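Visitor: Same order as they appear, the protein sequences are chains A and B. Following this note's numbering, the numbering of the first sequence begins with 250 at its first residue and continues without gaps. Following this note's numbering, the numbering of the second sequence begins with 250 at its first residue and continues without gaps. Heads up, the beta-carbon is just placed ideally off N, CA and C, and yes, glycines get one too. Bear in mind the structure is a predicted one, so any value in this text is a computation, not a measurement. Questions regarding the structure given below will be posed in turn.
Number of protein chains: 2
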Amino acid sequence: MKPPEKAFSDYLASRNLKMTPQRRLILETFIKTDGHVSSEELYNRVKAKDPSVGQATVYRTLKLLSESEIAEAVDFGDGVARYELHYGQDHHDHLICERCGKNIEIVDPTIERLQEELAESYGFELERHKMYLFGICESCRKKKGSSE
Amino acid sequence: MKPPEKAFSDYLASRNLKMTPQRRLILETFIKTDGHVSSEELYNRVKAKDPSVGQATVYRTLKLLSESEIAEAVDFGDGVARYELHYGQDHHDHLICERCGKNIEIVDPTIERLQEELAESYGFELERHKMYLFGICESCRKKKGSSE
DNA sequence: CTGCCTGCAAATCTTTTGCACCATT
DNA sequence: AATGGTGCAAAAGATTTGCAGGCAG
Numbered sequence: 250m251k252p253p254e255k256a257f258s259d260y261l262a263s264r265n266l267k268m269t270p271q272r273r274l275i276l277e278t279f280i281k282t283d284g285h286v287s288s289e290e291l292y293n294r295v296k297a298k299d300p301s302v303g304q305a306t307v308y309r310t311l312k313l314l315s316e317s318e319i320a321e322a323v324d325f326g327d328g329v330a331r332y333e334l335h336y337g338q339d340h341h342d343h344l345i346c347e348r349c350g351k352n353i354e355i356v357d358p359t360i361e362r363l364q365e366e367l368a369e370s371y372g373f374e375l376e377r378h379k380m381y382l383f384g385i386c387e388s389c390r391k392k393k394g395s396s397e
Numbered sequence: 250m251k252p253p254e255k256a257f258s259d260y261l262a263s264r265n266l267k268m269t270p271q272r273r274l275i276l277e278t279f280i281k282t283d284g285h286v287s288s289e290e291l292y293n294r295v296k297a298k299d300p301s302v303g304q305a306t307v308y309r310t311l312k313l314l315s316e317s318e319i320a321e322a323v324d325f326g327d328g329v330a331r332y333e334l335h336y337g338q339d340h341h342d343h344l345i346c347e348r349c350g351k352n353i354e355i356v357d358p359t360i361e362r363l364q365e366e367l368a369e370s371y372g373f374e375l376e377r378h379k380m381y382l383f384g385i386c387e388s389c390r391k392k393k394g395s396s397e
């Protein structure tokens, strides 16, 4: 499988766009940052390496990365768009602790298959899905009453 | 089960807040509107009945309805917060056509149970979840190539 | 009076866009 | 020259907040 940079420049080329130093830097920084980055967080990291990069460029590049399916938006319901690396990653869903914010990546093949079947039963061809499980993790349950 | 209005005024009372004509009107309008309303849509409907109601009041009331679990936020990833009636409704997830936006409410008991088990296997106590399946519906697949 | 509510407008916050200039072909 | 790309600042869109006045107990 080709490296993400190559995948990105291929995507750009296919749309008559160009790989630029800024885009390369943003992509590199994005890849190094694991977890779920907001545009602003990414902008800050990028700025640390090259203060001349503008915030709009980060927004624009993140959108390109989404379109090219190298990044994927994850939405935790706070008003901020977050992105995670998608290219070359296994699909996964999210298990989130509502108290401490801990975020575990999960996947269950049986559920995946049932989702497919469920969509089919409604005549849909399933393209993708998002599943978020919200609960309280073990350690937060132990120190009960400590928050809220 | 008590009617939503009662549930809401009980919730308000429990927080030393009051049921007001505006709040009542907003709740009534919200209940009559099925599907997934944005604050602005709801504001427009409310305004049609009583033009003196302000937009901020709709936002504020919608937040109260969320807190009281009478409404629930659904997030389709466009920048707008939408709400649906939650109180007294069965839980359901969403099957969304990426082409025409058709939105079907779905539920699969087996998936629900597996989600519970999956969370448990990570030591989580599952409180709630959100699942969105995105695909292409049958009629959109037939008129293929008609969009995008 | 006191405390909650409301409408309005101003403020915030995130994201997008217009524009003039730059770089590469 | 032509086509994109960029940074900046302004704009846009959604939501929140400050405030002065209003109402109910």
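(1) Do Leu261/B and Met250/B have their CB atoms nearer than 8 Å?
(2) Rounded to whole angstroms, what is the Cα-Cα separation between Glu347/B and Asp327/B?
(3) Is it buried or exposed, Ser384/B, if we count other Cβ atoms within 10 angstroms and call 16 or more buried?
(4) Is the beta carbon of Phe279/B less than 8 Å from the beta carbon of Leu291/B?
(5) What do you reckon, are the CB atoms on Pro253/A and Tyr371/A nearer than 8 Å?
(6) Leaving out five residues on either side along the sequence, give the residues of the same chain with a beta carbon under 7 Å from the beta carbon of Glu354/A.
(7) Does the beta carbon of Ala322/A sit closer than 8 Å to a beta carbon anywhere in chain B?
(8) Helix, strand or coil for Ala398/A, going by three-state DSSP, please let me know.
(9) Suppose contacts are defined by Cβ-Cβ distances below 8 Å. Is Ser317/B in contact with Phe373/B by that definition?
(10) Quick one: which residues of the segment 298 to 329 of chain A get their C-beta closer than 8 Å to a C-beta of chain B? List them in chain order.
(11) Per DSSP, what kind of secondary structure is Leu261/A in: helix, strand or coil?
(12) For a contact defined as C-beta to C-beta under 7 Å, what are the partners of Gly384/A on chain B?
(13) So what's Leu291/B in DSSP terms, helix, strand or just coil?
(14) What does Asp357/B reach in chain A if we use C-beta pairs closer than 7 Å?
(15) Quick check on Arg264/B - is its C-beta less than 8 Å from some C-beta in chain A?
(16) Would Val329/B be called buried (16 or more neighbouring beta carbons within 10 Å of its own) or exposed?
(17) Less than 6 Å between C-beta atoms, sequence neighbours within five positions excluded: which residues of the same chain meet that for Tyr308/B?
(18) Pop quiz: Asp339/A and Leu363/B are said to be a contact at Cβ under 8 Å. What is the actual Cβ separation, rounded to whole angstroms?
(19) When the cut-off is 8 Å and only beta carbons count, does Tyr381/A lie next to chain B?
(20) Let's see if you can read the secondary structure: which residues bound the beta strand (DSSP E) around Lys281/A?
(21) Of all the CB atoms in chain B, is at least one closer than 8 Å to the CB of Glu397/A?
Guide: According to the structure data:
(1) no
(2) 12 Å
(3) In the sequence as presented, Ser is not what sits at residue 384/B; that position holds Gly. Gly384/B comes out buried.
(4) yes
(5) no
(6) His341, His343
(7) yes
(8) Lying outside 250 to 397, the shown extent of chain A, residue 398/A is not represented and no answer is given.
(9) no
(10) Ala322, Asp324, Gly326
(11) helix
(12) Ala368, Phe373, Glu374, Leu375, Glu376
(13) helix
(14) Leu363, Leu367
(15) no
(16) exposed
(17) Ser288
(18) 18 Å between Cβ atoms; not a contact.
(19) yes
(20) Here Lys281/A belongs to no beta strand (DSSP E); instead the alpha helix (DSSP H) covers 270 to 281.
(21) Below a pLDDT of 50, predicted positions are generally treated as unreliable, and Glu397/A, at 37, falls in that range; the measurement from the model is reported next regardless. No, because no Cβ of chain B sits closer than 8 Å to the Cβ of Glu397/A.
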